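Participant:
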Amino acid sequence: MNAVSRPEVRLEPLTEALLDDVLRIENNAYAHPWTRGNFADCLKSGYQLLALMGGDTLIGYFVAMEGVEEVHLLNITVAPGFQGQGYGVLMLDALSVWARSRHAQWLWLEVRVSNTRAMQVYERYGFRPVGERKNYYPADHGQREHAVVMSLKL
Numbered sequence: 032m033n034a035v036s037r038p039e040v041r042l043e044p045l046t047e048a049l050l051d052d053v054l055r056i057e058n059n060a061y062a063h064p065w066t067r068g069n070f071a072d073c074l075k076s077g078y079q080l081l082a083l084m085g086g087d088t089l090i091g092y093f094v095a096m097e098g099v100e101e102v103h104l105l106n107i108t109v110a111p112g113f114q115g116q117g118y119g120v121l122m123l124d125a126l127s128v129w130a131r132s133r134h135a136q137w138l139w140l141e142v143r144v145s146n147t148r149a150m151q152v153y154e155r156y157g158f159r160p161v162g163e164r165k166n167y168y169p170a171d172h173g174q175r176e177h178a179v180v181m182s183l184k185l
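Following our numbering, the numbering of the sequence shown begins with 32 at its first residue and continues without gaps.
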């Protein structure tokens, strides 16, 4: 990985103005993407939405919901052209710092059982599988896919 080829990045609040870019990434990254309404609802609910920017380019984003002494990661996505370069871990670092600042003791997430690449990233980061949610995610042809529930003690 050549540091010269990587853009300088910054985290900033994900706002309504970025939703067109977010939806472009969602639609390219997932077979069953979140909708504009999903993101708008999260914004209205006061969830933590952060955008990872490289100049004017949206590289990735995450959405997290605060609970009692815990934070639930609802969506974390790196644009397909930027995957495999450490940006997901950078956003997990930002999430962990924010969660600690909110006095959270745990981070939680769900991941599709078929998303082994993401599970490997989460496990390397320290998340551990703790359960399964049956038929949690929509899948092709009207089917449903199980989710692995993972947690990280902060």
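C-beta: ideal position from N, C-alpha, C; glycine also.
Predicted, not measured: the structure shown is a model, and the values here were computed from it.
Since residue 129 is in the alpha helix (DSSP H), which residue starts that stretch and which ends it?
Facilitator: 118–132
Participant: Rounded C-beta distance between residue 108 and residue 60? I'm assuming under 8 Å.
Facilitator: Correct: roughly 5 Å between the Cβ atoms.
Participant: Could you work out which residue in 86, 143, 158 and 166 is closest to residue 137 when comparing CA atoms only?
Facilitator: 158
Participant: Would you call the stretch 119–139 and the stretch 57–74 touching, i.e. three or more CB-CB distances under 8 Å?
Facilitator: no
Participant: Which residues in the same chain as residue 118 place their Cβ atom closer than 7 Å to its Cβ, once the five residues preceding and following it in sequence are excluded?
Facilitator: 83, 90, 91 and 109
Participant: Could you name the residues that DSSP lists as bridge partners for residue 93?
Facilitator: 81 and 107
Participant: Using C-beta distances below 7 Å, list every residue in its chain close to residue 182, excluding the 5 sequence neighbours before and after it, in chain order.
Facilitator: 137, 138, 139, 158, 159 and 161
Participant: Find the nearest neighbour of residue 93 within the set 80, 100 and 99, judged by alpha-carbon distance.
Facilitator: 80
Participant: With which residues is residue 140 paired in a DSSP beta bridge?
Facilitator: 104 and 181
Participant: Return helix, strand or coil for residue 88, following the three-state DSSP convention.
Facilitator: strand
Participant: How many angstroms separate the CA atom of residue 42 from the CA atom of residue 143?
Facilitator: 26 Å
Participant: Comparing alpha-carbon positions, which option in 185, 85, 115 and 49 lies nearest residue 38?
Facilitator: 85
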